[in-house]
Amino acid sequence: MVGERGRAEAGPVLVGWAVPGDRVAPARLGAADARRVAGFAAARREEFLAGRALLAQLLTDRFGEGERVDTAPCPRCGGEHGPVLVASGSAFASVAYTEGLVVAAVVSNRHALRVGVDAEAATADPARDADLGRLLGVRPGRALRRWTEVEAVLKATGRGLRTDPDQVRVNAGTARVDGTAETYLLARVRGPAGYEISVAWQPRT
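Sequential numbering from 39 applies to the sequence shown in our numbering.
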């Protein structure tokens, strides 16, 4: 179990992490978030509120009071399960949940056009690593880290796993998705022991 909150910088992106149930600030829920959380089971509600509270704290730390987040409509169906939306439009944000940890990332729209973060518990699982290695074309010992990189990119696109992971091309700290022109920058986040965390952002040029 992670015992404390943390922060890290990845280029222009501020990344933070916390344990579900560890409210770092009052969760400020938008209308869509309030409707969503009302239907969650207790454990899911706890991690969701921890994620929103963490996002609120990161936005306050970076931009001052007043920023609010909500859930954007799904780009495919319009449902209330799309990416994180910063209401003012002054920043972009992303959140990830994994066993025992919530991770969030924020970046100013002056520096980036999109951001995505992913985290995975680095538990020993040779079968998982072998499967991911085959899918992503890397050796098993590198597979979990590559998976977080790919997931971070796909979250930054706003489409998530509606895009096949094998369409993401990673090379020397950058990534692209087949059939698209955008280039994303990638960084490994030095977070708590026992987790792999990656963040991807599309730089503003």
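Heads up, the beta-carbon is just placed ideally off N, CA and C, and yes, glycines get one too.
What you are looking at is a predicted structure, and each value in this text was computed from that prediction instead of being measured.
Near residue i, what residues of its chain come up, given a Cβ to Cβ distance below 6 Å and the 5 sequence neighbours on each side ignored?
{"i": "E137", "result": "A159"}
{"i": "G41", "result": "Its pLDDT being 40, under 50, G41 is placed unreliably by the model, and the measurement read from it follows with that caveat. No residues qualify anywhere along the chain."}
Per DSSP, which one or two residues make a beta bridge with residue i?
{"i": "W55", "result": "G44, V141"}
{"i": "Q205", "result": "Q205 pairs with nothing; no bridge assigned."}
{"i": "G154", "result": "A238"}
{"i": "F130", "result": "V145"}
{"i": "T195", "result": "According to DSSP, which records beta bridges pairwise, T195 is partnered with nothing at all."}
{"i": "A225", "result": "V237"}
Residue j and residue i - do their beta-carbons sit closer together than 8 Å?
{"i": "V51", "j": "A143", "result": "yes"}
{"i": "V134", "j": "V153", "result": "The residue you asked about is not Val; residue 134 is Ala in the sequence shown. Contact: no."}
{"i": "G44", "j": "G229", "result": "yes"}
{"i": "A91", "j": "R242", "result": "no"}
{"i": "K193", "j": "P121", "result": "yes"}
{"i": "A157", "j": "T195", "result": "no"}
{"i": "R184", "j": "R226", "result": "no"}
{"i": "D204", "j": "L170", "result": "no"}
Among the options, which residue has its Cα nearest to the Cα of residue i?
{"i": "G211", "options": "R166, D202, V191, T218", "result": "V191"}
{"i": "L96", "options": "N209, R200, V53", "result": "V53"}
{"i": "P113", "options": "R100, A238, L199", "result": "L199"}
{"i": "V124", "options": "C115, G116, T98", "result": "T98"}
{"i": "T221", "options": "G232, A231, N209, Q240", "result": "Q240"}
{"i": "G116", "options": "Q205, A70, E103", "result": "A70"}
{"i": "S236", "options": "R83, R74, D108, A181", "result": "A181"}
{"i": "L223", "options": "A48, A72, A238", "result": "A238"}
Report all residues from its chain with a CB closer than 8 Å to the CB of residue i; omit the five preceding and five following residues, and keep chain order.
{"i": "R207", "result": "A213, R214, V215, D216"}
{"i": "N147", "result": "G127, S128, A129, F130, R242"}
{"i": "F78", "result": "F86"}
{"i": "M39", "result": "Any reading at M39 must be qualified, since the residue scores a pLDDT of 33, below 50, and its modelled position is unreliable; the value itself is stated next. Contacts found: V57, G138."}
{"i": "P164", "result": "P178"}
With H, G and I counted as helix, E and B as strand and the rest as coil, what does DSSP make of residue i?
{"i": "F101", "result": "helix"}
{"i": "A159", "result": "strand"}
{"i": "R214", "result": "strand"}
{"i": "T136", "result": "strand"}
{"i": "V188", "result": "helix"}
{"i": "A26", "result": "The chain is shown from 39 up to 243; residue 26 falls before or after that span and cannot be answered."}
Taking 7 Å as the cut-off, is the beta-carbon of residue i closer than that to any non-hydrogen atom of the ligand ATP?
{"i": "V191", "result": "Absence of the ligand ATP from the depicted structure is noted, as is the absence of any ligand whatsoever, leaving it without description."}
Determine, using beta carbons only, whether residue i comes closer than 8 Å to chain B.
{"i": "D204", "result": "The chain labelled as chain B is not found in the depicted structure, where only one protein chain is given."}
Who are the Cβ neighbours of residue i in its own chain at under 7 Å, not counting the five residues just before and after it?
{"i": "A56", "result": "R43, V62, A88, L92, V140"}
{"i": "E85", "result": "P58, Y135, V140"}
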